[in-house]
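Listed in order, the protein sequences are those of chains A and B. Counted from 1, the first sequence has number 803 at position 492 by the numbering used here; the numbering is strictly sequential. Counted from 1, the second sequence has number 812 at position 171 by the numbering used here; the numbering is strictly sequential.
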Amino acid sequence: MAPANRPSPRPGFTLDVDRQTPPILFHHGEGFRMEKLPVGRSRVIYPSEPLNGLKDPDHEINEALLNPIEDDPLPSLLTPGMKLTIAFDDLSLPLPPMQRPDVRQRIIEAVLDMAAAAGVDDVHIVAALALHRRMTEPELRQAVGDRVYEAFAPHGLLYNLDAEDPDEMVILGETDHEGHGPHKETVQMQRRAAESDLVVYVNINLVSMDGGWKSTATGLSGYAGVRSHHNPETMTRSKSFMDQDASELHRSNWRQGEVIKKHGPRIFQIETTLNTNTFGYDGPLAMLQKREWEWSMRDRAAFSGMQLGLKRMTSAQKRKAFHSWKAPYELTSVQAGEVEAVHKKTTEMVYKQHMVPVAGQTDVVTMGLPYLSPYNVNSIMNPILVAVQGLGYFFNLYRGKPVVREGGVLIMSHPTPWEFHPVHHPSYIDFFEQVLADTTDPVEMQHKYEKQFAEDEWYRHLYRTSYAYHGVHPFYMWYWCSHALQHLGGVIVVGGDNKAVRRLGFKPASTLSDALEMAEDVVGPQPTITHLHNPPILMADVT
Amino acid sequence: MADETAESKSADEPAPATAASGSLDVCGSLAGKRIAITGSTGFLGTALVERLIRSVPDCELVLLVRPGKKSSPAERARREIFRNDAFHRNISERGETPRSADTFWEDIERRVTVISGDVSTDGLGLDDAGRATLASCDVVIHSAATVSFDAPLDGAVEVNLLGPTRIVETLQDLGVTPHFVAVSTCYVAGNRRGSAPEQLLMDSPFHIDVDWKQEVKAARRTRADFDAESRTVDRLDEFRKRASHELGAAGTPLLAAKTEQYRVRWVSEQLVEAGRARAASLGWPDSYAYTKALGERALVESKGNVPVSIVRPSIIESAWMEPRPGWIKGFRMAEPILISYAQGLLKEFPGVPEGVVDVIPVDLVVAAIINVAAGPVTDPDNVAITQVASGTRNPLRYRQLVELVSGWFTEKPLYDRKGQPIAVAQFSFPGRGAVERQLERAHKSLDRADRTLKLLPLRGKQAMINADVEEKKDQVERARDYVKIYGAYAECEALYGVENLLDLHGSLTSSAQETFGCDPAIVDWDHYVTEIHLPSVVDHARVKTKPERSDPDARTTRLRKRVLAPERHLAAFDLENTIIASNVVFSYAWLATKNMGPSDRVKFTLKTLQEGPELLALDRRDRTDFLRHFYRRYDGASVAEMDRLGQELLADHILTKAFPAAVRRVRKHRELGHRTVLITGALNIVVDPLKPLFDDVICAEMSEIGGRYTGELLAVPPTGEVRAQALRDYADTHGFDLAESVAYADSSSDLPLLDAVGFPVAVNPETRLASISIKRGWLIEYWSKAQGGTDKVLPLSPLPSLRKSRL
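What follows is the structure, given as structure tokens:
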């Protein structure tokens, strides 16, 4: 909870760097850099402070279920003998994982209570993985809580979606859009969900592209459905994919939603928003969500101590330390009911937390990438994930236009080690060795390699029985960079492994000033610079 | 040519070539004659056949050829004689090319008869037709010999000593008396200084009277003695130890084969040594000269009424003119020395600077033999001797040769693997002892390094250090052998008289002199060494003569391409250290600790580490015993539980330890349509999760009773030779050709598997396999785990307590 004496949360803002500006914090994988930005032509975009959390989350959840938006109260939808499927967002949300109890646990417990009261006894709980890796037992326990896990998992009623099980996936139909890229817009869904009388979807809306029809149309789908919009053609038409009004990805999911409405099960959507209390108001990482000039002596001491400690640790130790961090996120809103109406409200709440007004574009954008992306929870942030974190996520966190001008340079700071998690990312390893060694062009690799990786038996086996991302997943990561790759004049990685960075098609630099000098070759001398002070998450509303 | 020599003004300038000519018309005299030749597949023999075919158009040839292991004498003759580039001149003079040489082959067909025969057996191993053919010959030229200077004693005796006698005895048996021309060597004169004229040995004042029949008996007995000794307990133990040192735990059949190879080699080495010792004790430089000398004596004694001529060349080297300058066949005596010198391997070679190196180009020897064969037999009871040597007529001094050679290689150096030119050493003309001692010291220290390295558990690129040491050791060994064998020749200061040779040259008609001249004075040594011989030797030796750095990856890429060619049938994979960096102990440790608490884990780790050395030793001795012993630990384990854990093992242990490149390679083979099969001694529990990666899996399976494993295997686990057999059976069943198949493995205990296929690949090889792979030119792949995976001494499964909830 926020300290009682905290003034009402301050909104995000843009700081123009002057002589008084202290060094700015850059996240740098499992570490940090403090960087002086050029005076007079740099600005830093700071996120809003965390909104205040709801005082009684369980009560609010109950309220939302009983008073849904444009839908009947949940208890009225529950009848004995019905088939009920509860689907929930997987491991990739929120980032970092939140302290227990997870909001999904609270909601699922509430839903189960109502179902039990209504005499519903055919309930499945499924992690809506799509093509993500299966969650391990501890990860499932973290998301749904031990009570739910122990009541359902041993009977096979709580499980990970298997989107490659040929008997357990169904095609609901096609949209009337011809689809971008090589495939029609197909809608696919897990058979159990499709054949249920009611699907309750439990969402965590961390960023504005989550939720809505994407929850079910993508989350409960497999390759046949996902490839409809996970392609370079859709991504380059999404400017950005975080801005629903300008996102082809969003429109495609909504078209798929139309098919679900017509041919799919009834969906009862429950969406939640969290504040940006990622590192805590106090505690060891508190300074990470404060503005540098407001760091207390304690913050400074803690930060220097942490930097010293990190120097002495191996990368595995550092990784372990950072991945054990659980964010003290607080629930800021919960709404249930009809998908589109619910999502409208959710989006408002997300924007309220994330949106920061920014005036105009600059020549260069800088960003410090943290240790975590949606796809390396309890894992390794491999070079491809570094690329997608910078060029996919951070770059696209804008509305209007990118903070960097067309033909500008993106500078990101991350150690980018040539390291891969052998269990979670087997197809990434081969993608890096085979595909990126051949081409970094999303369209070319789509035609040349995607099918081969997507239909590979071994990857399929690892996705289904081990804990591996789907064979096609690294392609999607690269496609997510499409818009940035098309927009930017160059990408420079500060402090990365040279070989790995070059394989990505980027330029390595050892310091930020080197990188800025290199950027001048592309954008001209004395470029203007924007630094995204993210995380905690912010979204630039560029005018 | 004569005027070329006239220009060189050295102290050793030869007397001008005899201007006088006589009446011997070689072609005319041999016209319509049938000439039998032995040793025609050899260097001298091939040159002789070539010249007779080309320059004596009206003669017929009968070639006595030994049947090869797989080919008939006629096939051998075709392949080893007539396809040699010596005949390219003949073919091109006909306006034909080697690929389409119809008239050439017609001519060969018409004029050459090949008969099966072997001079090392009594009666020459002839059948009736062969005897009849031999009986029809007018001249028999015997050039078959064991020319290798380090031949085993008994072999040299059978061929060199008894060969000529066997032929004349056969001729007597057939009741014919053709002119018998035996090729011997100048070195029958023995190690001595001063002149060695063209006379029979018994006429020489330095002659030592030895009974050649006794020598034959003794040589045969020596073979029997050493053979008996090689079968004693101590010797056999030694051979087995050496075999297992080289191959490690490669399984009984391979070790047995290697042991036997060592035994046979040992006997042979002892016989070489015995030959050298016996030769030295009687004053000959080696067993070759010694057996040739006694062969002459035996021939003189047994010749009966067969007219005999003996031709004694000195050291025969590449051609001066015929069939083309520099023509040579095989890697001969001086070549390895020259190349070793140019490669910087041999820094010194013993010799006396002012001594004479008696070298004679092969075409002069051929001409002399033909002239002798064509000449009249003036005195059938006496044996005529002709020496073909350059030492007295046109000497090449050792110092001159050394200067020419070092000058040439300084100008045109060879290059090392990194593309650096190799500087040749300046000779200081040391004594033989000094050179031998120096090499011996180098050899000893390399041998020590080799032994030490083999004991270390090295893998992959580190193991290559050992392979390098081994290569250097081999090189030094070779250099040492050259010095031992050839040193004696370099120090020989005998001067071989050539009066008969010059008379022969003088007796030719002037036109015959042009074609069959045999006066050594025509050779210009400067020109010969630098323009003819060295280029030919370097060309022949296929060494690096250009500075481009050889791309170390080029070879690997080439080999990899062959391994991944679509026409391959089958790709067999070992598991441990080939696909995953793990072994049976590790997977057991993971499974065993799955349900243990922290204190039990500590105990388990300590116990396993304690047992480590013992297990390792057992594994080195015999893989099968080790697996059997180790798998007992699974006694009583629940089958259902193990199946469940197997899946988790894949994620937590196997994939973490897997080499992504290996997995990629398996899939690449499948993509190419090759059948992939995993053959491993690991347990089915561990291997099952990997099944989808392969088309088939052959692994160890444990028997079960009542849902529990017994700790006993259903069959012998597929390791060592069993694995090779399993692969053969698999290939037979599915109709695959192993010669067209690939196998991947990491250790010498996998040799049977690797040996079984046409395309073996060593993956992260340990020291022994690294050396073996380099020697045999196998593809070596270095695959590593995914960076970022964990590294533990002993992989235990994650603590269950960590997975408990924290509410």
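Every residue gets a Cβ at the ideal spot worked out from N, C-alpha and C, and that includes glycine.
Practice prompt. Put T497/A into one of helix, strand or coil per three-state DSSP.
Written response: strand
*Roughly how many angstroms separate the alpha carbons of S724/A and L683/A, rounded to a whole number?*
13 Å
Using a threshold of 7 Å, is the CB atom of S885/B nearer than that to any non-hydrogen atom of the ligand ATP? Although the ligand ATP was asked about, the structure shown includes no ligands whatsoever.
Determine the chain E residues that contact L1291/B at a beta-carbon separation under 9 Å, and present them in chain order. The structure shown contains no chain E; its protein chains are A and B.
Original post:
Under 8 Å between C-beta atoms, does I722/A make it to chain B?
Top reply: no
_Rounded to the nearest angstrom, what separates L585/A and A748/A at their Cα positions?_
Going from the Cα of L585/A to the Cα of A748/A covers about 40 Å.
Just grab the DSSP bridge partners of E1422/B for me.
DSSP links E1422/B through a beta bridge to V1404/B.
Review point. Excluding the five sequence neighbours on either side, which residues of its own chain have a C-beta within less than 8 Å of the C-beta of S519/A, listed in chain order?
Key: M553, D554, Q555, T658, V661, Y662, H665 and M850
Q: Report the three-state DSSP secondary structure of S1344/B (helix, strand or coil).
A: Three-state DSSP puts S1344/B in a strand.
>> Starting from E761/A, trace the beta strand (DSSP E) in both directions and tell me its first and last residue.
In response: For E761/A, there is no enclosing beta strand (DSSP E); the residue is found in the alpha helix (DSSP H) stretching over P753 to A765.
Margin query: Among the candidates M1283/B, A1299/B, L1211/B and D1337/B, whose CA atom is the shortest distance from the CA of G1348/B?
Written below: M1283/B
Item checked: Test item: CB-CB of R1038/B and E995/B under 8 Å -> Taking 8 Å as the cut-off, the Cβ atoms of R1038/B and E995/B count as close.
Check: Roughly how many angstroms separate the alpha carbons of G1376/B and T1321/B, rounded to a whole number?
Finding: 21 Å
Per-residue contacts from I740/A into chain B (C-beta, under 7 Å): Neighbours of I740/A on chain B, chain order: P1301 and A1427.
Next item on the list: Less than 8 Å between the CB atoms is what I'm expecting for S955/B and V1000/B, so what's the real figure, rounded?
Entry: So it is a contact: roughly 7 Å between Cβ atoms.
Practice prompt. Please check if any C-beta of chain B sits within less than 8 Å of the C-beta of W729/A.
Written response: Yes, contact with chain B.
Compare the C-beta of P639/A with all C-beta atoms of chain B and state if any pair is closer than 8 Å. At a cut-off of 8 Å between C-beta atoms, P639/A does not count as an interface residue with respect to chain B.
> By how many angstroms is the C-alpha of V800/B removed from the C-alpha of A931/B?
Replying inline: Per the sequence presented here, residue 931/B reads as Tyr, with Ala not at that position. Roughly 12 Å separates the two Cα atoms.
Open item on the list: Threshold first: 4 residues or longer. Then list the alpha helix (DSSP H) segments lying entirely within the stretch 1011-1067 of chain B, N to C.
Closed with: You should have 1039-1052.
Which two residues bound the contiguous alpha helix (DSSP H) that contains I1295/B? First-last for I1295/B: undefined, no H or E at that position.
- Task: Give a yes or no on whether 8 Å exceeds the smallest Cβ distance from L592/B to chain A.
- Result: Residue coverage of chain B in this structure runs from 642 to 1448, which leaves residue 592/B outside it and unanswerable.
Here's the rule I'm using: 16 or more other beta-carbon atoms within 10 Å means buried, otherwise exposed. How should F1400/B be labelled?
buried
Throw me the rounded Cβ distance for the P1393/B and P894/B pair, which I believe falls under 8 Å. 7 Å
>> Can you find the residues in the same chain that come closer than 6 Å, C-beta to C-beta, to D901/A, ignoring five residues on each side of it along the sequence?
In response: Within the shown structure, residues of chain A are numbered from 312 to 854, placing residue 901/A beyond reach of any answer.
Please return the same chain residues whose Cβ sits closer than 6 Å to the Cβ of V949/B, not counting the five positions on each side in sequence. F821 and V1024
*Please go through the same chain and pick out, in chain order, the residues whose beta-carbon is closer than 8 Å to the beta-carbon of G835/A, but skip the five residues on each side of it.*
D674
Check: If you draw a straight line from the alpha carbon of F1070/B to that of Q840/B, how long is it in whole angstroms?
Finding: 33 Å
Practice problem: Identify whether A658/B lies in helix, strand or coil by the three-state DSSP scheme. | Solution: Legend: pLDDT at A658/B = 49, less than 50; position of this residue unreliable, no value from coordinates given.
### Assumed close pair S662/B, G1147/B - CB separation to whole angstroms, cut-off 8 Å
With 8 Å as the limit, S662/B and G1147/B qualify as a contact, their Cβ atoms being about 7 Å apart.
(Q) On the CB-based measure, 16 or more other CB atoms within 10 Å of its CB, does V874/B come out buried or exposed? (A) It counts as exposed.
For K711/B, write down the residues that DSSP places opposite it in a beta bridge.
DSSP, once it has assigned bridges, lists no residue as partnering K711/B.
On the DSSP letters alone, give me the boundaries of the beta strand (DSSP E) that G568/A sits inside. Where G568/A is concerned, there is no enclosing beta strand (DSSP E), although the alpha helix (DSSP H) it sits in stretches over E559 to H574.
Practice prompt. Return yes when the Cβ of S1031/B is within less than 8 Å of the Cβ of P819/B, no when it is not.
Written response: Contact flag unset, no.
When you compare the CB of L1268/B with every CB in chain A, is at least one pair closer than 8 Å? no
Rank A438/A, E603/A, R602/A and P477/A by C-alpha distance to the C-alpha of V510/A and give the top, closest one. A438/A
Check your understanding: From the beta carbon of T1198/B, is the nearest beta carbon of chain A less than 8 Å away?
Key -> No, its Cβ sits nowhere closer than 8 Å to a Cβ of chain A.
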